[in-house]
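K.L.:
Dropping the structure in here first, questions after.
Number of protein chains: 4
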Amino acid sequence: MTFTVAVAGASGYAGGELLRLLAEHPEFEITTVTAHSNSGAPLVALQPHLRSLRHLTLVDTTPERLSGHDIVFVALPHGKSGELTAHLDEETLVVDCGADHRLESGTDWSAFYGGEHFGAWAYGVPELIVGDGRQRDVLAGARRIAAPGCNASTVELSLAPGVASGVIESTDIVSVLAVGPSGAGKSLKPHLLAAEVLGTANPYAVGGTHRHIPEIAQGLRWAGATDVSISFTPVIVPMSRGILATSTARIAPGASAAQIREAWETAYADEPFVQVLPDGQVPRTADVLGANTALMGIAVDEASGRVVVVTAVDNLAKGTAGAAIQSANIALGLPEQTGLTVNGVAP
Amino acid sequence: MTFTVAVAGASGYAGGELLRLLAEHPEFEITTVTAHSNSGAPLVALQPHLRSLRHLTLVDTTPERLSGHDIVFVALPHGKSGELTAHLDEETLVVDCGADHRLESGTDWSAFYGGEHFGAWAYGVPELIVGDGRQRDVLAGARRIAAPGCNASTVELSLAPGVASGVIESTDIVSVLAVGPSGAGKSLKPHLLAAEVLGTANPYAVGGTHRHIPEIAQGLRWAGATDVSISFTPVIVPMSRGILATSTARIAPGASAAQIREAWETAYADEPFVQVLPDGQVPRTADVLGANTALMGIAVDEASGRVVVVTAVDNLAKGTAGAAIQSANIALGLPEQTGLTVNGVAP
Amino acid sequence: MTFTVAVAGASGYAGGELLRLLAEHPEFEITTVTAHSNSGAPLVALQPHLRSLRHLTLVDTTPERLSGHDIVFVALPHGKSGELTAHLDEETLVVDCGADHRLESGTDWSAFYGGEHFGAWAYGVPELIVGDGRQRDVLAGARRIAAPGCNASTVELSLAPGVASGVIESTDIVSVLAVGPSGAGKSLKPHLLAAEVLGTANPYAVGGTHRHIPEIAQGLRWAGATDVSISFTPVIVPMSRGILATSTARIAPGASAAQIREAWETAYADEPFVQVLPDGQVPRTADVLGANTALMGIAVDEASGRVVVVTAVDNLAKGTAGAAIQSANIALGLPEQTGLTVNGVAP
Amino acid sequence: MTFTVAVAGASGYAGGELLRLLAEHPEFEITTVTAHSNSGAPLVALQPHLRSLRHLTLVDTTPERLSGHDIVFVALPHGKSGELTAHLDEETLVVDCGADHRLESGTDWSAFYGGEHFGAWAYGVPELIVGDGRQRDVLAGARRIAAPGCNASTVELSLAPGVASGVIESTDIVSVLAVGPSGAGKSLKPHLLAAEVLGTANPYAVGGTHRHIPEIAQGLRWAGATDVSISFTPVIVPMSRGILATSTARIAPGASAAQIREAWETAYADEPFVQVLPDGQVPRTADVLGANTALMGIAVDEASGRVVVVTAVDNLAKGTAGAAIQSANIALGLPEQTGLTVNGVAP
């Protein structure tokens, strides 16, 4: 069976990555691609790398254009999807790659985003430990899915096994992320100009202001934490894609190095898309470029009393579009890996 | 008065940066440049950017070649300088850019480096708070100086004001650094190949094994800490030079945001080469490229209970060769800024 | 039917890209991977991005290990494959990604490579115009195939339509290529260190010495040129992969701009993997990253009397491993596109 | 004597580089910095790397603000300086870094720029061969100077010795340039976003449309060419700064390899800022980063009948701001090298 697919916001980076992956998906057929100011242009004028889709033309982003598909992927700035998707049929599978439906707490929404809160949808991180199960249990059969924040899901997957097993403390987490500028979208801001990014490392949202912080806390609470505090600092570095998250948490009293390693290895032993490297190894973002894989290395630093988890993710793939498609596969009852790759494009 | 200068290890990155800066120094005259396997070659064959020094030829790295100069800068791998410099005259100013004479503790040396410990020299971080004074007091008149580890001095300068003033705790520090590959030297290792570094972020020495850890602890103890623990993770990113260090420490009980900011602003108010940015601003490594400047932003994250200090340094300049020359200026009684620049080369 | 596959030289960049593509190929099964000094190691220790192949272990590169497979891909340095492949069964499909079997002329071989010349195999550029047909006619049913030089095939595909149709002159061609360092292989040479490549453009083999020059001339002669001369300059730029070839040739007397454009558009109208952009557009290497696509823009510069063809290719994919697999598909009678993608990974 | 200096357009890349160099100039004192939309902001808010100038505030770009200085450097978009500078006193030294006063031919101006043509000023490439002399002869005592186009001056310096000595032909020149995105200015255009530049090579203005083409032809005519034609293609590559120009021209009948090399070596033997590398060597852009140096390698390719000249220049330094300051030094009778460096910042 083939599912018809529309992508709203097809001219941006998340939209482009959705289309790149969808073009390889054997069960999905892309029939509609929408944009705002670029409506009427050939898709390939905005996404010149999608040569197999050069027959597609961008149309307006309206409920009418999006109606009548089996699946609608939405890749719009936050605040733009809530109202739009309210018009879509309940039986349509809607996967929102924006932030509008990620947070359960209206208070968090107001504090970090502002504007109307449209409520939470099924959160698109299938491997996340949630109580005694996984988030994929929630996604099965869902018709409204919120793909995660790329930084948020990376940190959640990094720490959930330790939180759930009790071998780390969830207070006083420190995460520092090297991130590529595509995570900020195709937006014309001075600090995103090539000459400002090449040859330099550039931190932003320093000191507890990044919008993914409440999302991480929510994910870790689902994994079993009662209290979460996190110091979170992203640093833009000169690579187009990728997140390399270094997350540290205090070792819980009495937890041994072996118990710690076992917590992660057990948690992800059967996950094709979340893989734990052997002791002493750490990942690079190149290892997961274009792939739906989160690759992580675990080190126990007894001198500092902290576990260090280093996780590599492609922000556009596993961080956004890959997570969206993986979640859609689950929702529709397709094999979870359909249309997704494990191997990165390196070097 | 002009001082004659020899540079041992002139074919590597630290040696090249020393020579680039020395060529602009009005009081120093480069008379001898030495190398090991490249002895006999024109300097410019190894350092093609040093066009003003194309008259120089590399000679062997021997005590005989290095003797008779007013100043000897040593840029050799660790373990190579201890014996060599023992042969040099006591009145010669020797500045070692390697690790051999940085650590006071033989135990630390054995644990992190191994081999013979040659003892500590005057540590070349002039702005470092040491007790009631600064490290420049120790450097004045010194004839044996150890230039700092680039990562180590960056973290020391980042945190010393908070430690000295008591507004942060020195236990449970977490530092994550985005670093350029030139910090690893001109060494032919697979993970330093361009195709392995371009487009990717690559952590190393994860979990408490990096050699700069005891050096940081030593520096912070000098600044007033009684007990130091640090989780330290460097990540190689695709920029040739630069360190962007994100260091966080717990806010001391009762310290206010205003007190915290004041601690840093007061500490560096009169320092041309260590500058604190206004509240809300953070530095980029490009801002200090080629300069002798450490530029830092301070954020107080009350939700996580941590101060975040983000500091940008050029690992080869302020991190190594600039620190060496600044320290030499002090030792010789020259104005401290002689031959050094504050402004970076950006974009 | 599934074909068993061995890859000789699986630890290098070409070998890694072969395996990345083979892992997605529905008709091929990777059963043997060989290496030289890394024999005995897990494949994933050398190719950490190939997570789906973490069950494979590298074995020695010997005729015995390679025998008994349906297909053997060889990714060894030039001069290493001639003797090795002589031992393989005639019915085995052998695809050599090295230079040993690309040149028909022993004189050219001696002048540019030296050592024993093992003779030419079917050349793996299916879309290349050869007389009245295409090179794919030669590849059908072949059992010995030489994958092309990445720079060479890029320039051949760029200019063959003009040469074959007579709208450009084949003497006095000028090609300048921006290339990523992965084209030079995983070799420990100082000029390939990251710090030497980041932030800089670095030409090499300037002045007519590059080994791909006779290969280009051979290809253009097959396309119909009687006399070929080419000034060829590659420049390493800071991107891990990619070739952006700017090739110019004099407009043949009497050829109009319309005729010129038509020559290219007609030649590649039915080719999925060689695409000509509309007038006024030019490609970027990112558009073909990881893809088997050569993307080209054509401009007629009447003021200078030259046609300018700008072509983007991924040196490891369409330039090497993709061409090898595409050629193998043809040789075995499989659909030519099997296991290959048209769309690049951008941004 | 100290000259007072104003910089108009201080918030952009050319303005920033002017200020970086001026800050090190012992005879110049920066008293006024102007901007358009950023008027009123601290300079350092726009140029965070210029820490020694943090006392300066941007004011409006008006004739009133610029009047009364000994020197006015103008770094505005083309078309903006003609009218503005008409108001400045004749005795004020005005150096325009824009295009408004580079071209003598109103026809060329109309064809490539359009709008009012304000006429040509003394062209700021001191080392350019002009008839029997050098362009510095024209610059001595000048009070209106047009700094060159960065690409244009690079190609002019590359080929003038061959043209002037008659060893190459000036018709059918081909130049392909790898350039950093800072050459396009701090302008918010999609193709200049970091994610569009990182990891890719991106040609533009292909096919004879680039505005520097008539400027190159003008320069080579001054050097002695009667007829100039040039195929010119710039390619943006992922480095913030730098131009690596590969220029080829046909060898004149009868010219020997020795004569060709001698032409370049003789032409630049006494020039500190234009240096010719020994036979077999080629430059990298890193070798001249931040420096006022054009570094070139010459190869004679007899098989293709062409000379290949590869020249590295920092587009912001020697290509723009360095040329402006060097020219100002000459105009004012100061030593030509004052305030400028020969050595690049590498790696």
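Residue numbers (full-length UniProt numbering), protein chains in the order written: chain A, 1 to 347; chain B, 1 to 347; chain C, 1 to 347; chain D, 1 to 347.
All C-beta atoms, glycine included, are put in the ideal place defined by N, C-alpha and C.
#1: Whose C-alpha, out of C/Ala147, C/Leu244, C/Gly280, C/Arg102, is nearest the C-alpha of valine 313 of chain C?
#2: Less than 8 angstroms between CB atoms is the rule here; does methionine 296 of chain C satisfy it with respect to chain B?
#3: For the structure I just gave you, are there three or more beta carbon pairs, one from the segment 36-54 of chain C and one from the segment 214-223 of chain C, closer than 8 angstroms?
#4: If you count every other CB in all the chains shown that lies within 10 Å of the CB of lysine 318 of chain D, and 16 or more means buried, which is it?
#5: Please identify, using Cβ separations under 9 angstroms, the residues of the segment 9-29 of chain A that lie next to chain C, in order along the chain.
#6: Where does the unbroken beta strand (DSSP E) through threonine 154 of chain A begin, and where does it stop?
#7: By alpha-carbon positions, which one of A/Glu127, A/Leu22, A/Glu104 ends up nearest to glutamate 116 of chain A?
#8: Rounded C-beta distance between arginine 241 of chain A and serine 158 of chain A? I'm assuming under 8 angstroms.
#9: Tell me which residue opens and which closes the alpha helix (DSSP H) that aspartate 137 of chain B is part of.
#10: Take glutamine 135 of chain D as the anchor and find which of D/Pro77, D/Pro347, D/Pro335, D/Ile330 has the nearest alpha-carbon.
#11: Between threonine 285 of chain B and the rest of its own chain, which residues show a CB-CB distance below 6 angstroms, the 5 nearest in sequence each way excluded?
#12: Assuming valine 342 of chain D contacts threonine 266 of chain D (C-beta within less than 8 angstroms), just tell me the rounded distance between them.
#13: Closest to alanine 164 of chain C by CA distance: which of C/Ile145, C/Asn151, C/Tyr204, C/Val228 is it?
#14: For chain B, find out if any of its Cβ atoms is closer than 8 angstroms to the Cβ of leucine 244 of chain A; answer yes or no.
#15: Examine the Cβ distances between the segment 195-204 of chain B and the segment 84-101 of chain B and report whether three or more of them are shorter than 8 angstroms.
#16: Mapping the DSSP letters down to three states, classify arginine 144 of chain C as helix, strand or coil.
#17: Am I right that glycine 124 of chain A and alanine 324 of chain A are in contact with their C-beta atoms under 8 angstroms? What's the rounded C-beta distance?
#18: Contact defined as beta carbons within less than 8 angstroms: I believe valine 74 of chain A pairs with alanine 178 of chain A. What is the distance between those atoms, to the nearest angstrom?
#19: Quick one, are the C-beta atoms of threonine 2 of chain A and glutamate 27 of chain A less than 8 angstroms apart?
#20: From the DSSP output, in three-state form, read off glutamine 275 of chain D for me.
#21: Do valine 197 of chain B and alanine 194 of chain C count as a contact pair if the criterion is CB distance below 8 angstroms?
#22: Just to confirm before moving on: does the CB-CB distance between leucine 316 of chain D and leucine 295 of chain D stay below 8 angstroms?
#23: Return helix, strand or coil for aspartate 287 of chain C, following the three-state DSSP convention.
#24: Skipping 5 residues on each side, what residues in its chain have a beta carbon closer than 6 angstroms to that of threonine 154 of chain B?
#25: Quick check on lysine 186 of chain A - is its C-beta less than 8 angstroms from some C-beta in chain D?
#26: Report the residues of the segment 274-298 of chain C with a CB closer than 9 angstroms to any CB of chain A, ordered along the chain.
#27: Between glycine 79 of chain B and the ligand ADP, is the CB less than 7 angstroms from at least one heavy atom?
#28: State the Cα-Cα distance for the pair isoleucine 173 of chain B and leucine 84 of chain B, rounded to the nearest angstrom.
#29: Is it buried or exposed for proline 253 of chain B, if we count other Cβ within 10 angstroms and need 16 for buried?
#30: Relative to the C-alpha of serine 67 of chain A, which residue among A/Gly82, A/Ser81, A/Leu88 is closest?
#31: Could you give the first and the last residue of the continuous beta strand (DSSP E) run that contains arginine 250 of chain D?
#32: Are the Cβ atoms of alanine 152 of chain D and leucine 128 of chain D separated by less than 8 angstroms?
#33: With a cut-off of 8 angstroms, does the C-beta of leucine 193 of chain B fall near any C-beta of chain C?
#34: Go through its chain and collect everything with a Cβ distance to aspartate 287 of chain A's Cβ below 7 angstroms, but skip five positions before and after it.
#35: Please classify arginine 102 of chain D: does DSSP put it in a helix, a strand, or coil?
#36: Can the beta-carbon of isoleucine 230 of chain C be found closer than 8 angstroms to that of isoleucine 216 of chain C?
P.N.:
For this structure:
#1: C/Leu244
#2: no
#3: no
#4: buried
#5: Tyr13, Gly16, Glu17, Leu19, Arg20, Ala23, Glu24
#6: First-last for threonine 154 of chain A: 150-165, but that is the alpha helix (DSSP H), not the beta strand (DSSP E).
#7: Proximity to glutamate 116 of chain A across A/Glu127, A/Leu22, A/Glu104 peaks at A/Glu104, based on C-alpha coordinates.
#8: Actually they are not in contact, since the Cβ atoms of arginine 241 of chain A and serine 158 of chain A sit about 18 angstroms apart, beyond 8 angstroms.
#9: Judged by DSSP secondary structure, aspartate 137 of chain B falls within the alpha helix (DSSP H) whose first and last residues are 135-139.
#10: D/Ile330
#11: So the qualifying residues of the chain are Gly242, Leu244, Ala312.
#12: The C-beta distance from valine 342 of chain D to threonine 266 of chain D rounds to 20 angstroms, too long to fall under 8 angstroms, and the pair is not in contact.
#13: C/Val228
#14: So, interface residue.
#15: Cβ pair count under 8 angstroms is below three, so no.
#16: When secondary structure is reduced to three states using DSSP, arginine 144 of chain C falls in the strand class.
#17: Right, their Cβ atoms sit about 6 angstroms apart.
#18: Actually they are not in contact, since the Cβ atoms of valine 74 of chain A and alanine 178 of chain A sit about 28 angstroms apart, beyond 8 angstroms.
#19: Inclusion of threonine 2 of chain A and glutamate 27 of chain A in the CB contact set at 8 angstroms is warranted, their separation being smaller than that value.
#20: strand
#21: With respect to valine 197 of chain B, alanine 194 of chain C sits close: the two C-beta atoms are nearer than 8 angstroms.
#22: no
#23: helix
#24: Ile243, Ala245, Thr311, Val313
#25: yes
#26: Gln275, Leu277, Gln281, Pro283, Arg284, Ala286, Asp287, Val288, Leu289, Gly290, Ala291, Thr293, Leu295
#27: You won't find the ligand ADP in this model; it holds no ligand whatsoever.
#28: Using only the alpha carbons, I get a separation of about 36 angstroms.
#29: Taking every protein chain shown into account, the CB of proline 253 of chain B has fewer than 16 other CB atoms within 10 angstroms, so this residue is exposed.
#30: A/Leu88
#31: 243-250
#32: no
#33: yes
#34: Excluding sequence neighbours, aspartate 287 of chain A sits near Leu295, Ala312, Gly344, Ala346.
#35: Here DSSP, grouped into helix, strand and coil, assigns arginine 102 of chain D to coil.
#36: yes
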